[in-house]
């Protein structure tokens, strides 16, 4: 169970990034028709590159799905590097193709929604695991899940407020998403650590 908890922590981390990648691609593709003719070829190429990066990230995650905790830990650096490359490519897209604020805001809104959804799904998955423990062992896990849900609600409120402001630069929007992602990672790790501690010795 302890090993499994660490695996779930890594899987939640990876799934959250994949959900963001999917939301980014869907948002950019939905707005691709609004790109000016002289930028269309560049936009199509950047979207194709982003899709390729997303597919490679997913393939790497799938390859690790049944790996050990040690293998995951060593591969996480590679996944993190792939994620950063994806983010850099999104910034290139924003800088060269989607310079209009409404396009940037639509992307921000879609990615923020994917983040919040990932938080809720992760919290629910952890809660499901906790229900298998005896009541006396669940307190830490329940507290971690409650905190995770509260963090998600707080992050959602912050992201919505930023979106409603309507005049933030992509750098500010991107920084807000990065901060929210970091908070998710900490909450996800803390919750799975609580699961690990709560796991009955026989299942460890």
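In my numbering, the protein residues as written are 8 to 211. Ideal Cβ positions, reconstructed from N, Cα and C, are used throughout, including at glycine. Fair warning: this is a prediction, and the values are worked out from it, not measured in the lab.
Taking the Cβ atom as the reference point for each residue, do residue 156 and residue 130 lie within a distance shorter than 8 Å? For the purposes of this step, residue 156 is taken as residue 149 along the chain shown, with counting starting at 1. For the purposes of this step, residue 130 is taken as residue 123 along the chain shown, with counting starting at 1. It is a contact, given that the beta carbons lie within the stated cut-off.
Same chain only: Cβ atoms within 8 Å of residue 54, ignoring 5 sequence neighbours per side: For this step, residue 54 is matched to residue 47 along the chain shown. Once the five neighbours on either side are set aside, the close Cβ partners of residue 54 are 32, 35, 36, 39, 100.
Answer yes or no: do residue 93 and residue 28 have a C-beta to C-beta separation smaller than 8 Å? Residue numbering aside, residue 93 sits at position 86 when the chain shown is read from its first letter. Residue numbering aside, residue 28 sits at position 21 when the chain shown is read from its first letter. The answer is yes: Cβ separation under 8 Å.
Tell me the residue span of the alpha helix (DSSP H) that contains residue 64. As a position in the chain shown, residue 64 is number 57, starting the count at 1. Its alpha helix (DSSP H) spans residues 44-71.
Flag this pair as touching only if the segment 67-83 and the segment 100-116 have three or more C-beta atom pairs under 8 Å; answer yes or no. no
Identify, in the order they occur along the chain, each residue of the same chain with its Cβ nearer than 6 Å to the Cβ of residue 90, setting aside the five sequence neighbours on each side. Within the chain shown, numbered from 1, the residue matching residue 90 stands at position 83. Closer than 6 Å at the Cβ level, and outside the excluded window around residue 90, lie 24.
Just how far apart, CA to CA, sit residue 135 and residue 127? Working through the chain shown from its first residue, we reach residue 135 at position 128. Working through the chain shown from its first residue, we reach residue 127 at position 120. About 12 Å.
Taking residue 161 as the reference, give the member of 148, 144, 186 with the closest Cα. By one-based count along the chain shown, residue 161 stands at place 154. Of the listed residues, the one whose Cα sits closest to residue 161 is 186.
Ordered list of alpha helix (DSSP H) runs contained in the segment 81-150, each at least 4 residues: 108-137
Have a look at residue 172 and residue 204 and give me their C-alpha separation to the nearest angstrom. One-based indexing of the chain shown puts residue 172 at position 165. One-based indexing of the chain shown puts residue 204 at position 197. Taking the straight line joining both Cα atoms gives about 42 Å.
How far does the alpha helix (DSSP H) with residue 74 in it extend, from its first residue to its last? Numbered from 1 along the chain shown, position 67 holds the residue referred to as residue 74. Residue 74 -> no alpha helix (DSSP H), and no H or E assigned at all.
Who are the Cβ neighbours of residue 169 in its own chain at under 7 Å, not counting the five residues just before and after it? What you label residue 169 is simply residue 162 of the chain shown in a count that begins at 1. Excluding residues within five positions, the ones whose Cβ falls inside 7 Å are 175, 180, 183.
Could you tell me the alpha carbon to alpha carbon distance between residue 163 and residue 191, rounded to whole angstroms? Counting from 1 along the chain shown, the entry for residue 163 is found at position 156. Counting from 1 along the chain shown, the entry for residue 191 is found at position 184. One C-alpha to the other measures close to 11 Å.
Quick test of your reading: residue 118 and residue 30, contact by CB under 8 Å. State the CB separation rounded to the nearest angstrom. Indexing the chain shown from 1 puts residue 118 at position 111. Indexing the chain shown from 1 puts residue 30 at position 23. Residue 118 to residue 30, Cβ: 5 Å. Contact.
Start and end residues, alpha helix (DSSP H) containing residue 187: Locating residue 187 in the chain shown gives position 180, counting from the first residue. First-last of the alpha helix (DSSP H) with residue 187: 177-205.
Under a three-way DSSP split, which group does residue 19 fall into? Locating residue 19 in the chain shown gives position 12, counting from the first residue. Of the three classes helix, strand and coil, the one that applies to residue 19 here is helix, per DSSP.
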